[in-house]
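In my numbering, the protein residues as written are 269 to 1060.
And the structure:
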């Protein structure tokens, strides 16, 4: 969903960028920063605040109180990321078309239909006083910068508008934008519903099994049994597909089996380090853009000292350290959204059935301003469970029940991490907080470690939330949220480490399920393998684990291809001999110099397209727009291919070997088309794995060089520990031991500033690409800014 908005954003900004930015004088592209040593008056400040910035532009804020520190954080974030702040609140609030035009109207309409702006206002009104005070302080800081800036960033000038003052509800909108990135599972539930309605039950269970062999190895005796391979049902589906000569591709979504919205996180206890310290490592995987989604900061106030990254627009240290406890996060893959099948009145289109009888839809009109065109009007319908979704499901309307739209489901409880002094206290804060559902990895100053979860988890009755269902008779629904004390927690395990990489974690018997659609456990398995081997470990050792490029899970496809690429087949066709040499030369890694991997990745995709197209033909007939978007396509695919049966795959003439060779040849052809006549046994992974981190205005060739990060080879792959794809990967890498922050590591793509003329626009990019450590804490002051209370 976020990628669709990003592509529309780029297309909308391109003509505006070409028309204006190319001619913008370099010296006038951004608001000038306050002069070094100058003092700026900020309303609401109780005392003076000092902000020093080091050689990378990392601000270290020193204040007497939390609120004063957050006023300063709002000020410097606006100084460095003002356009990003405005885009984030507009994207969440459905107001992009107002400044960018009709191309963003669809994205805005979706947000308005969901009622996100109204949800933000309602959530804000229910926040505790301390959280509201934090948002007020942050808004005062942002607005103080807006008033003091002598000029606006180039994006505003070229788009011809001035940003409105920042409101506390804008920060809530940014929080809800992160909910959308991490927990909007509508498409997944639609897919599961269609599969359940159109396929034999055994096939659906087989396809949706989220406990792969690597996860089973990690869970041990707690691993659930895998559903049986539904041989007869799959044979029937393949036979019907052959008979009807259905399409051989197109059912896989662009991202199916590729990079999940997730992360790596682990903590090592003192028993495994050189001096008893606990160390936390975290790299969060998200869409990559310029500027980066995270903003580095260091805050000191009272007896609190925080260092890590914040989300622009939100005054919370998302991951980092308070010198007593360090924490990292990964996506929980939590199920906090349900689709409610609406039973409409047979004679009245304006009514639907509820447990209390027939109710009228709550109908309202939303006006969306569109740049250069008349306003658009959207009709919003709501039910007692939530808004009516923009699209029907299997021909019927559905409502969206989502934690993010519930005032009781969202808060800023993570603010209290500044006061946590142990993993137990930190886990209590995390369990009680109402942010997006995440796994939390913790380590404290005493060398202790823990894993737990954060975010509100619905308490369901009468359903498991896997597929859309009717709640009209009252037997199904949500009964609030699970009490924080019931959320899972693992503290000081005997192994001396905890790991999560978006895979299924062990839960106590009888514990409620928290999520589904977990990632393949290979990353977690590989991390665990490395940690078992390493002792004692230091921060540099854990950065090395974050950069691991082993791709063992692809060996299955290499062996499958080489089994049919014998001497006879290779001698008949020189191209196959070339493929055999390439695959035989693969070193099992995803380094830029790895040969054979480009072909292997294309081969895997070709196989998956063919096989799933045959299996899912009835689902496509029921819902023509269906795309298979499993986070793990490899477990069902490998189980079926491991049978080596032509009856389980859409093989036609020539049987099993011919089917495999045909998929291999399709992969070879597409690779040749993309990379010319270069021999496959000389084509390195670096020619394929190239990162593109773009600025919203950087879509045109003439602006790309100025605004985008360099398009260059990047080690890693979509299932490696070093997860990497074209526009998706590690948005930061953090390694830190609480109490030893001076030895901590933190780097991220791009740099602190959103201003392309700033020296801090791209000065962290090289370290991120090359995997080089940068210090977590800010260095000697290169610039000092003083913020003072505004005189009456």
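No residue lacks a Cβ here, since even glycine has one placed at the ideal position from N, Cα and C. The structure displayed is predicted, hence computed values, not measured ones.
message = Cutting at 6 angstroms between CB atoms, please list the residues of its own chain near residue 959, excluding the five before and the five after it.
response = Translated into positions along the chain shown, residue 959 becomes position 691. Same-chain partners within the cutoff: 982.
ask   = Does the distance from the C-beta atom of residue 657 to that of residue 681 stay below 8 angstroms?
value = Here residue 657 is taken as the residue at index 389 of the chain shown, counted from 1. Here residue 681 is taken as the residue at index 413 of the chain shown, counted from 1. Not closer than 8 angstroms, so no.
task = Give me the Cβ distance between residue 451 and residue 705, rounded to the nearest whole Å; I'm assuming they're in contact under 8 angstroms.
result = Numbered from 1 along the chain shown, position 183 holds the residue referred to as residue 451. Numbered from 1 along the chain shown, position 437 holds the residue referred to as residue 705. Yes, residue 451 and residue 705 are in contact; Cβ-Cβ is about 6 angstroms, under 8 angstroms.
Stretch-stretch touch, CB-based, cutoff 8 angstroms, three pairs: the region 689–698 with the region 457–474 = no
inquiry  = Let me check one thing: in DSSP terms, what residues is residue 518 bridge-paired to?
reply    = Walking along the chain shown from the start, residue 518 turns up at place 250. Looking at the DSSP assignment, residue 518 forms no beta bridge with any residue, so it has no partner.
request  = Could you check which residue in 566, 374 and 331 has the C-alpha nearest to that of residue 638?
outcome  = For the purposes of this step, residue 638 is identified with residue 370 of the chain shown, where counting begins at 1. With distances taken between Cα atoms, residue 638 lies closest to 374.
inquiry  = So residue 803 and residue 974 are supposed to be a Cβ contact under 8 angstroms. How far apart are they, rounded?
reply    = On the chain shown, position 535 is the one that residue 803 refers to. On the chain shown, position 706 is the one that residue 974 refers to. About 47 angstroms separates the two Cβ atoms, so there is no contact after all.
inquiry  = Run through the DSSP bridge pairs and tell me what residue 768 is partnered with.
reply    = Numbered from its first residue, the chain shown carries residue 768 at position 500. Paired residue(s): 533.
ask   = Between the C-alpha atoms of residue 805 and residue 488, what's the straight-line distance to the nearest angstrom?
value = Translated into the one-based positions of the chain shown, residue 805 becomes position 537. Translated into the one-based positions of the chain shown, residue 488 becomes position 220. So the alpha carbons of these two residues sit roughly 25 angstroms apart.
As assigned by DSSP and simplified to three states, the class of residue 938 = Stepping through the chain shown from its first residue, residue 938 is reached at position 670. Looking at residue 938 - three-state DSSP - the assignment turns out to be helix.
ask   = Hey, is residue 326 close to the ligand MN, as in C-beta under 7 angstroms from one of its heavy atoms?
value = Of ligands this structure carries none, so the ligand MN is not represented either.
query = Can you tell which of 1060, 1020 and 1041 has the C-alpha that lies nearest to the C-alpha of residue 324?
reply = To locate residue 324, count along the chain shown from 1; it is residue 56. Comparing Cα-Cα distances from residue 324 to each of 1060, 1020 and 1041, the minimum goes to 1020.
message = So the candidates are 812, 791 and 368; which of them puts its Cα closest to the Cα of residue 822?
response = To locate residue 822, count along the chain shown from 1; it is residue 554. The shortest C-alpha separation from residue 822 is found at 791.
key: Where the alpha helix (DSSP H) through residue 539 begins and ends   = As a first step, residue 539 is located in the chain shown; it is residue number 271 there, counting from the start. Element bounds for residue 539: n/a, residue is neither H nor E.
Residue 556 burial status per 10 Å Cβ neighbour count (16 or more: buried) = Mapped onto the chain shown, residue 556 falls at position 288. Residue 556 comes out buried.
ask   = Which class does residue 548 belong to by DSSP, given the choice of helix, strand or coil?
value = Taking the first residue of the chain shown as 1, we reach residue 548 at position 280. Three-state DSSP puts residue 548 in a strand.
request  = Using a Cβ cut-off of 8 angstroms (strictly closer), state whether residue 888 contacts chain D.
outcome  = Going by chain labels, chain D is absent from the structure shown, which holds only one protein chain.
ask   = What does a CB cutoff of less than 6 angstroms around residue 377 pick up in its chain, not counting 5 residues either side in sequence?
value = Position 109 of the chain shown, counting from 1, holds the residue named residue 377. Contacts found: 646.
inquiry  = Please classify residue 732 as buried or exposed, where buried requires at least 16 neighbouring CB atoms within 10 angstroms.
reply    = Position 464 of the chain shown, counted from the start, is the residue given in the question as residue 732. Residue 732 is exposed by the Cβ-count criterion.
request  = Report the residue from 930, 877 and 885 whose alpha carbon sits nearest the alpha carbon of residue 837.
outcome  = Here the question's residue 837 lines up with position 569 in the chain shown. The option with the nearest alpha carbon to residue 837 is 930.
request  = Specify the secondary structure class of residue 602 as computed by DSSP and reduced to three states.
outcome  = Your numbering for residue 602 matches position 334 in the chain shown. The answer is strand: DSSP assigns residue 602 an E or B state.
ask   = Just checking my contact of residue 593 with residue 976 at CB under 8 angstroms: how many whole Å lie between their CB atoms?
value = Numbered from 1 along the chain shown, position 325 holds the residue referred to as residue 593. Numbered from 1 along the chain shown, position 708 holds the residue referred to as residue 976. The distance from the Cβ of residue 593 to that of residue 976 is about 37 angstroms, inconsistent with a contact at the 8 angstroms cut-off.
ask   = Leaving out the 5 sequence neighbours to the left and right, which residues in its chain are closer than 8 angstroms to residue 980 when beta-carbon positions are compared?
value = For the purposes of this step, residue 980 is taken as residue 712 along the chain shown, with counting starting at 1. Closer than 8 angstroms at the Cβ level, and outside the excluded window around residue 980, lie 958, 959 and 1037.
task = Kindly identify the DSSP beta-bridge partner or partners of residue 950.
result = Here residue 950 is taken as the residue at index 682 of the chain shown, counted from 1. Looking at the DSSP assignment, residue 950 forms no beta bridge with any residue, so it has no partner.
request  = Have a look at residue 787 and residue 642 and give me their C-alpha separation to the nearest angstrom.
outcome  = Numbered from 1 along the chain shown, position 519 holds the residue referred to as residue 787. Numbered from 1 along the chain shown, position 374 holds the residue referred to as residue 642. The straight-line gap from Cα to Cα measures roughly 44 angstroms.
request  = Give me the Cα-Cα distance between residue 627 and residue 653, rounded to the nearest whole angstrom.
outcome  = By one-based count along the chain shown, residue 627 stands at place 359. By one-based count along the chain shown, residue 653 stands at place 385. Answer to the nearest angstrom: the Cα atoms are 12 angstroms apart.
CB of residue 395 within 8 angstroms of CB of residue 674, strictly = Position 127 of the chain shown, counting from 1, holds the residue named residue 395. Position 406 of the chain shown, counting from 1, holds the residue named residue 674. No. Outside cutoff.
message = Can you tell me whether residue 459 is helix, strand or coil according to DSSP?
response = Walking along the chain shown from the start, residue 459 turns up at place 191. DSSP places residue 459 in helix when its eight states are reduced to three.
request  = Quick one: which unbroken beta strand (DSSP E) runs of 3-plus residues sit fully inside the region 721–795? Chain order, please.
outcome  = 726–729, 745–749, 757–759 and 765–768
query = Rounded to a whole number of angstroms, what is the C-alpha to C-alpha distance between residue 339 and residue 655?
reply = One-based indexing of the chain shown puts residue 339 at position 71. One-based indexing of the chain shown puts residue 655 at position 387. Those two C-alpha atoms are separated by around 35 angstroms.
message = From the DSSP secondary-structure annotation, give me the bridge partner or partners of residue 707.
response = The sequence position of residue 707 within the chain shown is 439, counting from 1. The partner list for residue 707 (beta bridge, DSSP) reads 598 and 721.
inquiry  = Restricting to Cα atoms, I'd like to know which of 551, 542, 521 and 511 is closest to residue 769.
reply    = Here residue 769 refers to the residue found at position 501 when the chain shown is read from its first residue. The candidate whose alpha carbon is nearest that of residue 769 is 551.
Three-state secondary structure assigned by DSSP to residue 911 = Translated into the one-based positions of the chain shown, residue 911 becomes position 643. Looking at residue 911 - three-state DSSP - the assignment turns out to be coil, as it is neither helix nor strand.
query = So what does residue 554 bridge to, in DSSP terms?
reply = The residue given as residue 554 occupies position 286 in the chain shown. 997, per the DSSP bridge assignment.
task = Drop a sphere of 10 angstroms on the beta-carbon of residue 782, count the other beta-carbons inside from all chains shown, and report buried for 16 or more, exposed for fewer.
result = The sequence position of residue 782 within the chain shown is 514, counting from 1. Buried, because 16 or more other Cβ atoms sit within 10 Å of the Cβ of residue 782.
query = If residue 333 and residue 1051 are in contact, beta carbons under 8 angstroms, what's the gap, nearest whole angstrom?
reply = One-based indexing of the chain shown puts residue 333 at position 65. One-based indexing of the chain shown puts residue 1051 at position 783. About 23 angstroms separates the two Cβ atoms, so there is no contact after all.
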